[in-house]
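The next block holds one structure in the form of structure tokens; read it before the comments.
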Amino acid sequence: MTVFDTKLTMYDVNDPNIRGVAETAGELDAELWRVGIAHAFILPDSAEPTEDGKQPALVLMYCSEDYLEFSLIYLRHNLKARGAQPKKIAEALMKVAARIIAETK
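Here the sequence shown is numbered in the numbering used here, starting from 1 and rising by one per residue.
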């Protein structure tokens, strides 16, 4: 049995250029399994939109030991499959790098 210790809420946004979570979740699922990252999806606790208008669509659970690999795949998925802006991906990559650096000190 796998016990997941990390959750990530996936959001739909009001941008016609970005594909929805529901239509791309299968692609992300396949990619994560392809590289061997155990994970599971659940529905969000709340359907209320965030203050900036993002709609919670799905929650993805995984093990924190897979954080770096998971993050890289998730960000690539958001860039390639969903159509997120490269600037947003770059900002997220900087956060991932900062966390990895902080954890290795």
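Where is the CB? At the ideal position from N, CA and C, for every residue including glycine.
Source: prediction; values computed, not measured.
* Asked: Taking VAL59 as the reference, which of LEU28, LEU68, TRP33 has the closest Cα?
  -> Numbered from its first residue, the sequence shown carries residue 59 at position 59. Among LEU28, LEU68, TRP33, the Cα nearest to that of VAL59 is on LEU28.
* By the 10 Å Cβ neighbour count, where 16 or more other Cβ atoms means buried, how is SER71 classified, buried or exposed? -> Against the sequence shown, residue 71 aligns to sequence position 71. With 16 or more Cβ atoms within 10 Å of its Cβ, SER71 is classed as buried.
* To do: Identify every run of the beta strand (DSSP E) within the stretch 8–83, keeping only runs that are complete inside it and at least 3 residues long; order them along the chain.
  => 39–42, 55–62
* Asked: Straight-line CA distance for LYS54 to GLY83?
  -> As a working mapping, residue 54 is identified with position 54 in the sequence shown. As a working mapping, residue 83 is identified with position 83 in the sequence shown. Each residue's Cα considered, the two are about 16 Å apart.
* Take PRO56 as the anchor and find which of MET1, LYS7, LEU32, ILE89 has the nearest alpha-carbon. => Stepping through the sequence shown from its first residue, residue 56 is reached at position 56. It is LYS7 whose Cα lies nearest to the Cα of PRO56.
* Once you ignore the five residues that flank ALA47 on each side, which residues in its own chain have a CB closer than 8 Å to its CB? -> The residue you call residue 47 lines up with position 47 of the sequence shown. Taken in chain order, the residues that qualify are GLN55, PRO56.
* To do: Assign ASP52 to one of two classes, buried (16 or more other C-beta atoms within 10 Å of its C-beta) or exposed (fewer than that).
  => The count along the sequence shown starts at 1 and reaches residue 52 at position 52. When all chains shown are included, ASP52 counts as exposed.
* Asked: If you pair each beta-carbon of the stretch 38–46 with each one of the stretch 89–98, do three or more pairs fall below 8 Å?
  -> no
* To do: For my contact list, ILE89 and VAL35 are in at a C-beta cut-off of 8 Å; report their separation, rounded to the angstrom.
  => Position 89 of the sequence shown, counting from 1, holds the residue named residue 89. Position 35 of the sequence shown, counting from 1, holds the residue named residue 35. The pair is not a contact, with the Cβ atoms about 18 Å apart (cut-off 8 Å).
* Asked: Among the residues of its own chain, which have a CB less than 8 Å from the CB of ARG19, if the five just before and after it don't count?
  -> For this step, residue 19 is matched to residue 19 along the sequence shown. Correct list, in chain order: ALA81, ARG82, GLY83.
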